[in-house]
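>
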Amino acid sequence: MLDLRAVTDRLEETQRRLALRGDVPALGKLSELGGRRRAWIRESEDLRHEVKSSGPRVQALMKSDPPAAAALRERLKAASVRQKELEASLKELEIELAQALLYVPNLPHESVPAGTSSADNPVVRTWGERPAPGFQPKPHWELGEALGILDFERGAKLSGSRFTVLVGQGARLERALISFMLDVHTREHGYTEILPPYLVLRESMQGTGQLPKFEEDAFKTVDPELFLVPTAEVPVTNLHRDEILEAGALPLRYTAHTPCFRREAGAAGRDTRGLIRQHQFNKVELVEFAAPESSYQELEKLTGHAEDILRRLGLPYRVVSLCGGDLGFSAAKTYDLEVWMPGLDTFREISSCSNFEDFQARRARIRFRRGEGSKPEWVHTLNGSGLAVGRTLAALLEVGQQADGSVLIPEALRPYTGFERIGPR
RNA sequence: GGAGAGAUGGCCGAGAGGCUGAAGGCGCUGGUUUGCUAAACCAGUGUACGUCACAAGCGUACCGGGGGUUCGAAUCCCCCUCUCUCCGCCA
657 MLDLRAVTDR LEETQRRLAL RGDVPALGKL SELGGRRRAW IRESEDLRHE
707 VKSSGPRVQA LMKSDPPAAA ALRERLKAAS VRQKELEASL KELEIELAQA
757 LLYVPNLPHE SVPAGTSSAD NPVVRTWGER PAPGFQPKPH WELGEALGIL
807 DFERGAKLSG SRFTVLVGQG ARLERALISF MLDVHTREHG YTEILPPYLV
857 LRESMQGTGQ LPKFEEDAFK TVDPELFLVP TAEVPVTNLH RDEILEAGAL
907 PLRYTAHTPC FRREAGAAGR DTRGLIRQHQ FNKVELVEFA APESSYQELE
957 KLTGHAEDIL RRLGLPYRVV SLCGGDLGFS AAKTYDLEVW MPGLDTFREI
1007 SSCSNFEDFQ ARRARIRFRR GEGSKPEWVH TLNGSGLAVG RTLAALLEVG
1057 QQADGSVLIP EALRPYTGFE RIGPR
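Letter by letter, the first sequence follows residues 657 to 1081 of this note's numbering.
(1) How about the region 965-981 and the region 846-861: do they share at least three Cβ pairs that are nearer than 8 Å?
(2) I'd like to know whether the C-beta atoms of residue 1057 and residue 799 end up nearer to each other than 8 Å.
(3) Using a Cβ-Cβ cut-off of 6 Å (strictly less than) and excluding sequence neighbours within five positions of residue 966, which residues of its own chain qualify?
(4) Comparing the CB of residue 1004 with every heavy atom of the ligand ADP, is any distance shorter than 7 Å?
(5) Just grab the DSSP bridge partners of residue 991 for me.
(6) If you follow the beta strand (DSSP E) that residue 1042 is part of, which residue opens it and which one closes it?
(7) Do residue 1078 and residue 825 count as a contact pair if the criterion is CB distance below 8 Å?
(8) Would DSSP call residue 663 helix, strand or coil?
(9) Which ranges would you report for the beta strand (DSSP E) in the region 762-820 if only whole runs of at least 3 residues count?
(10) Tell me which same chain residues have a C-beta within less than 7 Å of the C-beta of residue 1051, skipping the five on either side of it?
(11) Using 10 angstroms around the beta-carbon of residue 918, count the other beta-carbons present and answer buried if the total reaches 16, otherwise exposed.
(12) Please report the residue range of the beta strand (DSSP E) in which residue 887 lies.
(13) Report, in whole angstroms, the separation of the C-beta atoms of residue 834 and residue 768, which I expect to be a contact under 8 Å.
(14) From this set, 885, 926, 676, 1072, which residue's C-alpha is nearest residue 771's C-alpha?
(15) Taking DSSP as the reference, what is the three-state secondary structure of residue 834?
(16) Taking the C-alpha atoms as reference points, what is the distance between residue 1059 and residue 1069?
(17) On the three-pair Cβ rule with 8 Å, is the region 892-910 touching the region 1017-1025?
(18) Sort 891, 861, 990 by Cα distance to residue 780 and report the nearest one.
(19) Is it true that the CB of residue 849 sits closer than 8 Å to the CB of residue 911?
(20) Going by DSSP in three states, residue 940 sits in which element: helix, strand or coil?
(21) Going by other Cβ atoms of all chains shown within 10 Å of its Cβ, with 16 needed for buried, is residue 629 buried or exposed?
(22) The beta strand (DSSP E) that contains residue 907, what's its start and end?
(23) Quick check on this structure: which residue in 714, 737, 736 has the alpha carbon closest to the alpha carbon of residue 726?
(24) Between which two residues does the beta strand (DSSP E) harbouring residue 897 extend?
(25) Hey, out of 763, 795, 958, 922, whose CA is closest to residue 1061's CA?
(26) Rounded to a whole number of angstroms, what is the C-alpha to C-alpha distance between residue 1071 and residue 1055?
(27) Among the residues of its own chain, which have a CB less than 7 Å from the CB of residue 1044, if the five just before and after it don't count?
(28) Going by beta carbon distance, what residues of the same chain come within less than 8 Å of residue 718, once the five residues before and after it are set aside?
(29) Apart from the five residues on each side of it in sequence, which residues of its chain come closer than 7 Å, Cβ to Cβ, to residue 802?
(30) Nearest by alpha-carbon distance to residue 915: which of 721, 1063, 734, 819 is it?
(31) Would you grab the beta carbon distance between residue 988 and residue 777 for me? Rounded to a whole angstrom, and I think it's under 8 Å.
(32) Determine the direct distance from the alpha carbon of residue 959 to that of residue 1011, and round the result to whole angstroms.
(33) So residue 1065 is in the alpha helix (DSSP H); what residue range does that whole segment cover?
(34) If you check the beta carbons only, do residue 883 and residue 858 fall under 8 Å apart?
(35) Report buried or exposed for residue 1046, applying the criterion of at least 16 other Cβ atoms within 10 angstroms of its Cβ.
(36) How long is the line joining the alpha carbons of residue 921 and residue 870, rounded to whole angstroms?
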């Protein structure tokens, strides 16, 4: 959520920066409502001041001059009624205002490149050699089915499209990846492991920006209404909702594995095969709370921590910087990590690392204090996938495939899998 | 799911219609005193919004949340939420 004051005081600048995203939201209404809000607050407070400060006079007059007291009380009654009406209107206005503000996306950082789609995302760097196997590499779903470790048919039988069953070494590989990633982040990158609830309140979804605008993307329960987390970002960022963090607590780094549940409402017909786009998938997430002045430095570090996983697994990838048109609703700046998928002959997003600046902090009211007695300030929140586990498994199959159809497991993962190869020797 | 108890400032804890942002204590910060530390004493110590230079000052609100009564409510009435205890059930 943007700061109302900043929006109304610097309307043109806000509009111009938002335009980088492509669609320009109409902020005129916002500034008009903001102006009316100020006027009403002033009027209401003046009235209330009159009513409240007249108390002693009423008491005195009741003893000395009862008729005058009655007259005064009548006047005050009228003022009180008017004040309450004003307050009620003001409340409605503020709800309307807050609601409008919740639909305005974050301002892109000045370093965000111009552009309208993912085709415009500049490549920042690449890592690793693409394998040249000397045979036609297969997509991961063919490999997985042939090896008996991915069962798409039964997944669909159980739960419909975009659900998959992992079997035997496939299930073990998924579990190994989760443990491996969590171990690296906790032991070597300094993150604290969190195991959060997978169902959260509407309030939490709003805090990170999934709601109210993107409700059709979320799964939810009916009674009581709870949302299945679309990413661990939601519960972990909301860990500190409505809190003022202690001086010196920053940066706070958390990592969490959760399943992620997504409706994929707008993606009908896309990536229908394989593990790329599932309604349920595992992800290890990195979440960070940082001081404003260091958040961009921290974004580079966090992105590096996600990259480290890919490197250790020997998966070639590239880093792109999302252009204005491709930037997510809440993000001020985002790097996507794209892993090379030989079977698909393309790079696919496997991690998205973003700085949200104070956008989520405002929505979720997360603040920090620089020292004893200093005023609370909004923290900056960041997060990144470290990594999407299902897609990592898919990439591992495609990159590790051998001529005989077996798949080699990278060295770093073998202590976790307990095997070094899937399939015929 | 049933029965009961409770929700006040960073913490503990008063308060029972008016001048209470809220006694008292603890903690914290600054100062005085002081070989050092400690103790003692003095002062200060919430958040949000409005005005304004997002300063100072001033104003308004906030005693779990919402609504009501009243000239006026932390204090009276209604609804809700959460926490704790006991019973039931369960992994």
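Glycine residues also receive a C-beta, built at the ideal position from the N, C-alpha and C atoms. Model, not experiment: these values are computed from the prediction.
Reading it off the structure:
(1) no
(2) Here residue 1057 is taken as the residue at index 401 of the first sequence, counted from 1. Here residue 799 is taken as the residue at index 143 of the first sequence, counted from 1. Contact: yes.
(3) Here residue 966 is taken as the residue at index 310 of the first sequence, counted from 1. 973.
(4) Absence of the ligand ADP from the depicted structure is noted, as is the absence of any ligand whatsoever, leaving it without description.
(5) Working through the first sequence from its first residue, we reach residue 991 at position 335. 977, 1009.
(6) On the first sequence, residue 1042 is found 386 positions in, with the first residue counted as 1. Residue 1042 -> beta strand (DSSP E) spans 1036-1044.
(7) Along the first sequence, read from residue 1 onward, the residue named residue 825 stands at position 169. Along the first sequence, read from residue 1 onward, the residue named residue 1078 stands at position 422. Yes, these two residues count as a Cβ contact at 8 Å.
(8) In the first sequence, the residue the question calls residue 663 occupies position 7. Three-state DSSP puts residue 663 in a helix.
(9) 779-783
(10) As a first step, residue 1051 is located in the first sequence; it is residue number 395 there, counting from the start. So the list reads 971, 995, 997, 1006, once near-sequence residues are dropped.
(11) To locate residue 918, count along the first sequence from 1; it is residue 262. Answer is buried; the Cβ neighbour count reaches 16.
(12) Stepping through the first sequence from its first residue, residue 887 is reached at position 231. Counting along the chain, residue 887 falls outside any beta strand (DSSP E), and DSSP gives it neither H nor E.
(13) In the first sequence, the residue the question calls residue 834 occupies position 178. In the first sequence, the residue the question calls residue 768 occupies position 112. The Cβ separation is near 32 Å, so there is no contact.
(14) Along the first sequence, read from residue 1 onward, the residue named residue 771 stands at position 115. Of 885, 926, 676, 1072, the residue nearest in Cα terms is 676.
(15) One-based indexing of the first sequence puts residue 834 at position 178. In this structure, residue 834 counts as helix in the three-state DSSP scheme.
(16) By 1-based counting over the first sequence, the position of residue 1059 is 403. By 1-based counting over the first sequence, the position of residue 1069 is 413. Between residue 1059 and residue 1069, the C-alpha separation is close to 21 Å.
(17) yes
(18) As a working mapping, residue 780 is identified with position 124 in the first sequence. With distances taken between Cα atoms, residue 780 lies closest to 990.
(19) On the first sequence, residue 911 is found 255 positions in, with the first residue counted as 1. On the first sequence, residue 849 is found 193 positions in, with the first residue counted as 1. Yes, Cβ-Cβ distance for residue 911 and residue 849 is below 8 Å.
(20) In the first sequence, the residue the question calls residue 940 occupies position 284. Strand at residue 940.
(21) Residue 629 lies beyond the stretch modelled for the chain, which goes from 657 to 1081, so this question has no answer here.
(22) As a first step, residue 907 is located in the first sequence; it is residue number 251 there, counting from the start. That residue, residue 907, is in no beta strand (DSSP E); it is neither H nor E in DSSP.
(23) Taking the first residue of the first sequence as position 1, residue 726 is located at position 70. Closest by alpha carbon: 714.
(24) As a first step, residue 897 is located in the first sequence; it is residue number 241 there, counting from the start. Counting along the chain, residue 897 falls outside any beta strand (DSSP E), and DSSP gives it neither H nor E.
(25) The sequence position of residue 1061 within the first sequence is 405, counting from 1. The candidate whose alpha carbon is nearest that of residue 1061 is 795.
(26) Taking the first residue of the first sequence as position 1, residue 1071 is located at position 415. Taking the first residue of the first sequence as position 1, residue 1055 is located at position 399. Spanning the two alpha carbons is a distance of roughly 19 Å.
(27) For the purposes of this step, residue 1044 is taken as residue 388 along the first sequence, with counting starting at 1. Result list for residue 1044: 937, 939, 1006, 1007, in chain order.
(28) For this step, residue 718 is matched to residue 62 along the first sequence. Same-chain partners within the cutoff: 725.
(29) The sequence position of residue 802 within the first sequence is 146, counting from 1. Only 1061 meet the Cβ criterion.
(30) The residue you call residue 915 lines up with position 259 of the first sequence. Ranking 721, 1063, 734, 819 by Cα distance to residue 915 puts 819 first.
(31) What you label residue 988 is simply residue 332 of the first sequence in a count that begins at 1. What you label residue 777 is simply residue 121 of the first sequence in a count that begins at 1. At roughly 16 Å, the Cβ-Cβ gap does not stay under 8 Å, so residue 988 and residue 777 are not in contact.
(32) Here residue 1011 refers to the residue found at position 355 of the first sequence. Here residue 959 refers to the residue found at position 303 of the first sequence. Near 10 Å, if we compare the C-alpha coordinates of residue 959 and residue 1011.
(33) Along the first sequence, read from residue 1 onward, the residue named residue 1065 stands at position 409. Per DSSP, residue 1065 belongs to no alpha helix (DSSP H) and is neither H nor E.
(34) The residue you call residue 883 lines up with position 227 of the first sequence. The residue you call residue 858 lines up with position 202 of the first sequence. It is a contact, given that the beta carbons lie within the stated cut-off.
(35) By one-based count along the first sequence, residue 1046 stands at place 390. Classification of residue 1046: buried, given that the 10 Å Cβ count is 16 or more.
(36) The residue you call residue 921 lines up with position 265 of the first sequence. The residue you call residue 870 lines up with position 214 of the first sequence. For residue 921 and residue 870, the distance between alpha carbons rounds to 10 Å.
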